Amino acid sequence: MTFAVEKLLTETIGLDSASIGPTVVRQAVKERMAACRITDTQAYWEHLTGSAQELQELIDAVVIPETWFFRDREAFTMLVRHARSSKRAQPIRVLSLPCSTGEEAYSVAMAMFDAGFAAHEFNIDAVDVSSRNVAMAERAVYRRNSFRGSYLEFKDRYFEATGGGLRPNAAVLKQVRFRVGNLFDPRASFGQELYDILLCRNLLIYFNRELQDRAMICLKDLLAKDGLLLVGPAEAALPRLHGFISAEWPLAFAFLKSERVNTAAPRVSAGIPVRPPIPKVNRSKPALPRPAIGVQAPTKPLDQVSESLIAVERIANAGRVKEAQEVALAHLKTFGPSAEIFYLLGLVQDADGAAPEAAQSYRKALYLAPNHREALVHLALLLRKQGDHSGAEALAGRLDRAQKRSGT
Ligand SMILES: C[S@@+](CC[C@H](N)C(=O)[O-])C[C@H]1O[C@@H](n2cnc3c(N)ncnc32)[C@H](O)[C@@H]1O
670 MTFAVEKLLT ETIGLDSASI GPTVVRQAVK ERMAACRITD TQAYWEHLTG
720 SAQELQELID AVVIPETWFF RDREAFTMLV RHARSSKRAQ PIRVLSLPCS
770 TGEEAYSVAM AMFDAGFAAH EFNIDAVDVS SRNVAMAERA VYRRNSFRGS
820 YLEFKDRYFE ATGGGLRPNA AVLKQVRFRV GNLFDPRASF GQELYDILLC
870 RNLLIYFNRE LQDRAMICLK DLLAKDGLLL VGPAEAALPR LHGFISAEWP
920 LAFAFLKSER VNTAAPRVSA GIPVRPPIPK VNRSKPALPR PAIGVQAPTK
970 PLDQVSESLI AVERIANAGR VKEAQEVALA HLKTFGPSAE IFYLLGLVQD
1020 ADGAAPEAAQ SYRKALYLAP NHREALVHLA LLLRKQGDHS GAEALAGRLD
1070 RAQKRSGT
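Using my numbering, read the sequence shown as starting at 670 and increasing by one per residue.
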């Protein structure tokens, strides 16, 4: 039965259950059967396929809601730049899809206000397939987990304390309109509206290649001419495959819809990995290495190290993965080992299809920085793809513990 449910979820919301591990769907079905007081699997299958509400409950139980305010900060810098350049008589239309529990959409509102836009100059639609997430977004009460990283000064300016957490102020809340909707059912979910800016971040990673291509076609249809598409770091190869042009803004993972180039969807080839997951670099302060035995800690000035890391990341962003590997190895030679460079090297090796080498590089990053979040996430994904589910689960547990310890 799990197989049939997985297939139903793929057909309905695009979820490739391999991307979240084999136990998630099984566990969700178990929980739903208990909630419905059904013990027979066939009876549950009939209930599930005959009830839109039960399907929604199951979807709510399997989706990954992971999100936080100003996730990938540079995306918001790029968004505002684009909004400024397309300022005109009508309001700028922004779509956050998927919006999960609302942090992304409210971050857009704050970024736009900070950039000097007045409330009547933009509006934000925010859509997610999970009704539970949308209800939480509308409730808009946030705790520590939604505020991550060191850039948090927006918290004092835009949030008010409320029972159980912090809530964005009335002006921010008013800018966003939430809705339950499915990316794969665009016209039912979004009407005829075309958007100037579309954030579709950290969703495509849960789809298989065929559905990623279908999703890209839906996204393209939702975007106005010259519109801006923002995707997640591990999804940055896809827009180019569909004729989008890089907005050339480091770490924003931003692409412009182009009418000039061939926009036909590429032929789907199941074996081709999505490339390249784009590195995330802390530009001002790269993680300092924990020196390995017999290895000197770097003595070069920090900004030189940063510049060099950014160079690797830029080359990787441009899709030149072989060259990025060479530059990363040269960086290692010049500046010595660090978690950041091993993580970047792992990403480009991963993108180049060199899975064993990538796994080794992620492990080296984790040796130097045991709680390196992105290295944990990417190594877990890699192990899962290789069929090492217990290894992936162990890393997921480690990530969970690291997050709990740091309060994120
Ligand atoms: C990891 S969150 C990403 C949230 C936010 N965009 C971010 O990057 O922080 C993924 C969200 O995708 C939603 N989702 C999954 N499949 C979807 C679909 N077919 N259409 C719309 N939303 C979907 C899930 O409910 C979940 O809230």
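We put the beta carbon where it would ideally sit given N, CA and C, even for glycine.
Just so you know, these numbers come straight off a predicted model, no measurement behind them.
By the beta-carbon neighbour count (other beta carbons within 10 angstroms, threshold 16), M670 is exposed.
In this structure, the straight-line span from the alpha carbon of S800 to that of L1035 is close to 36 Å. The three-state secondary structure of C887, taken from DSSP, is helix. A heavy atom of ligand 1 is found nearer than 7 Å to the CB of L868.
Per the Cβ contact rule, the segment 763-775 is not in contact with the segment 695-707 (fewer than 3 Cβ pairs under 8 Å). Between L724 and F672, the alpha-carbon positions lie close to 15 Å from each other. Note on L764: 16 or more other CB atoms within 10 angstroms of its CB, so buried under the neighbour-count rule. Shown here for P760: same chain residues with a beta carbon closer than 7 Å to its own, the five before and five after excluded, namely H789, E790, F791 and N792 in chain order. Within the same chain, and ignoring the five residues on either side of E992 in sequence, the residues whose Cβ sits closer than 8 Å to its Cβ are I984.
Rounded to whole angstroms, the separation of the alpha carbons of M779 and A787 is 11 Å.
Between the alpha carbons of V990 and A905 lies a gap of roughly 13 Å.
L1014 sits close to A997, with the two beta carbons spaced by under 8 Å. If you draw a straight line from the Cα of G818 to the Cα of A784, it comes to about 21 Å. The beta-carbon distance between L873 and V900, rounded to whole angstroms, is 7 Å. This is short enough to meet the 8 Å contact definition. The residue from L1052, D1019, L1064 and A1024 with its alpha-carbon nearest to that of P1039 is L1064. With respect to the 8 Å criterion, A795 and R846 are classified as neighbours on the basis of their beta carbons.
With respect to L678, S686 sits close: the two C-beta atoms are nearer than 8 Å. Counting other Cβ atoms within 10 Å of its Cβ, S720 stays below 16 and is therefore classed as exposed.
The residue from R878, N838, G834 and R883 with its alpha-carbon nearest to that of D854 is R883. For L867, the secondary structure class from DSSP, reduced to helix, strand or coil, is strand.
Per DSSP, reduced to three states, the secondary structure at E822 is coil, with no helix or strand assignment. A buried status is given to D1019, since no fewer than 16 other beta-carbon atoms sit within 10 Å of its beta-carbon. In the DSSP annotation of this structure, the continuous segment of the beta strand (DSSP E) that includes T831 starts and ends at F828 to T831. In this structure, V841 keeps its C-beta atom at 8 Å or more from the C-beta atom of I682.
The residues V763 and I793, in chain order, have a CB closer than 6 Å to that of V777 in the same chain once the five nearest residues on each side in sequence are set aside. In the DSSP secondary-structure assignment, R1042 is not bridged to any residue. Between the segment 810-825 and the segment 863-873, the count of Cβ pairs shorter than 8 Å is below three; the stretches do not touch. For L835, the uninterrupted beta strand (DSSP E) segment begins and ends at G834 to P837. It is roughly 44 Å from the alpha-carbon of Q1055 to the alpha-carbon of Q844. Just measuring C-alpha positions, the residue of E982, K889 and A1071 sitting nearest L920 is E982. Secondary structure within the segment 750-786: the beta strand (DSSP E) runs of 3 or more consecutive residues, fully enclosed, are 761-765 (chain order). DSSP places L1035 inside the alpha helix (DSSP H), whose first and last residues are A1024 to L1037. For A923, the secondary structure class from DSSP, reduced to helix, strand or coil, is strand. W714 and F859 have their C-alpha atoms spaced approximately 30 Å apart.
Assigned with DSSP and collapsed to three states, N792 falls in strand.
When the Cα atoms are used, A804 and V732 turn out to be separated by approximately 15 Å.
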